[in-house]
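Just so you know, we're using numbering that gives the first Met the number 0 here: the sequence shown kicks off at 0 and counts up by one.
Cβ atoms here follow ideal geometry from the backbone N, Cα and C, with glycine treated the same way.
A short write-up of the structure that comes next.
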Amino acid sequence: MMRSLWTSATGMYGQQVNIDTISNNLANVNTTGFKKSRVDFKDLFYQTLKLPGTPVAGGELQLPVGSQIGLGTRPAAIFKIFSQEGFQETQNPLDLAVEGDGFFEILRPDGSSAYTRDGSFKIDSEGTIVTSSGYILFPEITVPEDAVSISISKDGEVSVLYADNTTDVLGNIELTRFINPSGLRSIGDNLYTETEASGLPVTGIPGEEGLGTI
0 MMRSLWTSAT GMYGQQVNID TISNNLANVN TTGFKKSRVD FKDLFYQTLK LPGTPVAGGE
60 LQLPVGSQIG LGTRPAAIFK IFSQEGFQET QNPLDLAVEG DGFFEILRPD GSSAYTRDGS
120 FKIDSEGTIV TSSGYILFPE ITVPEDAVSI SISKDGEVSV LYADNTTDVL GNIELTRFIN
180 PSGLRSIGDN LYTETEASGL PVTGIPGEEG LGTI
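Structure below.
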């Protein structure tokens with residue numbers, strides 16, 4: 000009786016984790032660049048009553064199947080699904096999306112790097128391209144005050160137009176990919192950091208070295 004209660008409890012705990020994960024997915028349905036999570040479950044140990052092949056009838060026969068009682072389930076992993084989602088046109092030249100593999104690299108206040116699929120960028124008071132939370136896009140690009148418009152190509156080239164119809168190339172937005180993006184660590188604000196499981200970051204020009212385009 001106690002074993003059955005414990006087994007049932009593992010199932011309830013597992014489903015609670017699953018519901019919590021689904022709830023977070025639903026809560027972020029309108030979050031730009033958000034990637035939903037999924038729970039993987041594994042079965043727990045088994046109590047073996049009889050092994051397959053156990054001799055019976057004085058050793059003249061063998062059991063064709065064994066007897067094992069499972070002791071429940073457990074959440075083995077909660078991982079992000081980095082599949083391609085649909086795009087939404089906004090008419091804002093700084094609203095970017097990655098088509099294919101890759102993340103934007105972001106500088107955190109302590110100088111370390113984080114990565115995001117959220118391409119909803121803004122320009123701060125100094126003309127620097129930043130995220131909605133104010134983190135600087137890396138490599139850093141600063142838009143001149145006298146620029147009247149900005150455009151970004153599929154390969155990440157950032158150019159501006161001035162009032163006299165002249166143009167200037169400010170730099171290039173790069174993308175970063177990981178061999179195992181599901182191994183990245185979520186830290187909030189649509190940001191991820193690398194881990195040993197994610198592998199080292201591979202950075203380059205969009206459209207090259209297996210990277211997606213913008």
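Closer than 8 Å to chain B by CB, residue 55: Within the model displayed, chain B is absent; a lone protein chain is all it includes.
Nearest residue (CA-CA) to residue 17, options 3, 55, 74 and 132: Taking the first residue of the sequence shown as 1, we reach residue 17 at position 18. That would be 74, whose Cα lies nearest to the Cα of residue 17.
Can you have a look at residue 117 and say buried or exposed, based on whether 16 or more other CB atoms are within 10 angstroms of its CB? The residue labelled residue 117 in the question sits at position 118 within the sequence shown. Counting the other Cβ atoms within 10 Å of the Cβ of residue 117 gives 16 or more, which makes it buried.
Relative to the alpha-carbon of residue 7, which residue among 37, 188, 69 and 181 has its alpha-carbon at the smallest distance? Counted from its first residue, the sequence shown places residue 7 at position 8. It is 69 whose Cα lies nearest to the Cα of residue 7.
Quick one: grab the DSSP three-state call for residue 178. Walking along the sequence shown from the start, residue 178 turns up at place 179. Here residue 178 sits in coil by DSSP.
Coarse secondary structure for residue 46, derived from DSSP in three states: Counted from its first residue, the sequence shown places residue 46 at position 47. Strand.
Could you give the distance in angstroms between the alpha-carbon of residue 141 and the alpha-carbon of residue 161? On the sequence shown, residue 141 is found 142 positions in, with the first residue counted as 1. On the sequence shown, residue 161 is found 162 positions in, with the first residue counted as 1. Between the alpha carbons of residue 141 and residue 161 lies a gap of roughly 15 Å.
Alpha helix (DSSP H) segment containing residue 17, residue limits: Counting from one through the sequence shown, the residue named residue 17 turns up at place 18. From DSSP, the alpha helix (DSSP H) with residue 17 extends over 1-26.
Which same chain residues end up closer than 6 Å to residue 81 when comparing Cβ atoms and leaving out the 5 residues on each side of it in sequence? The residue you call residue 81 lines up with position 82 of the sequence shown. Hits under 6 Å: 34 and 180.
Going by beta-carbon coordinates alone, are residue 151 and residue 159 separated by less than 8 Å? Counting from one through the sequence shown, the residue named residue 151 turns up at place 152. Counting from one through the sequence shown, the residue named residue 159 turns up at place 160. Not a contact, by the Cβ cut-off of 8 Å.
Under 8 Å, with one C-beta from each stretch per pair, do the region 87-106 and the region 169-178 reach the 3-pair mark? With the cut-off at 8 Å, the region 87-106 and the region 169-178 touch.
CB contact flag (residue 9, residue 38, <8 Å): The sequence position of residue 9 within the sequence shown is 10, counting from 1. The sequence position of residue 38 within the sequence shown is 39, counting from 1. No; because the gap between Cβ atoms is not below 8 Å, this pair is not in contact.
Bounding residues of the beta strand (DSSP E) (the contiguous stretch that carries residue 166): What you label residue 166 is simply residue 167 of the sequence shown in a count that begins at 1. Taken as a continuous stretch (DSSP letters only), the beta strand (DSSP E) holding residue 166 covers 166-171.
Count the C-beta pairs between the region 189-208 and the region 107-124 that are closer than 8 Å, then say yes if the count reaches three, no if not. The region 189-208 is in contact with the region 107-124.
Note down, in chain order, each residue of its chain lying with its Cβ closer than 7 Å to the Cβ of residue 170, except the 5 sequence neighbours on either side. Working through the sequence shown from its first residue, we reach residue 170 at position 171. 138, 140 and 157.
Across which residues does DSSP place residue 190 in a beta bridge pair? By 1-based counting over the sequence shown, the position of residue 190 is 191. Residue 190 pairs with 187.
What is the residue span of the beta strand (DSSP E) that residue 160 lies within? On the sequence shown, residue 160 is found 161 positions in, with the first residue counted as 1. From DSSP, the beta strand (DSSP E) with residue 160 extends over 156-161.
Taking only three categories from DSSP, how would you classify residue 96? Looking up residue 96 in the sequence shown gives position 97. Correct three-state label for residue 96: coil.
Out of curiosity, what's the CA-to-CA distance linking residue 212 and residue 13? By 1-based counting over the sequence shown, the position of residue 212 is 213. By 1-based counting over the sequence shown, the position of residue 13 is 14. Distance between the alpha carbons of residue 212 and residue 13 is about 38 Å.
Give every residue of the same chain whose Cβ lies closer than 6 Å to the Cβ of residue 203, excluding the five residues on either side of it in the sequence, and list them in chain order. Position 204 of the sequence shown holds residue 203. Taking C-beta separations shorter than 6 Å and ignoring five residues to either side along the sequence, the partners of residue 203 in its chain run 210, following chain order.
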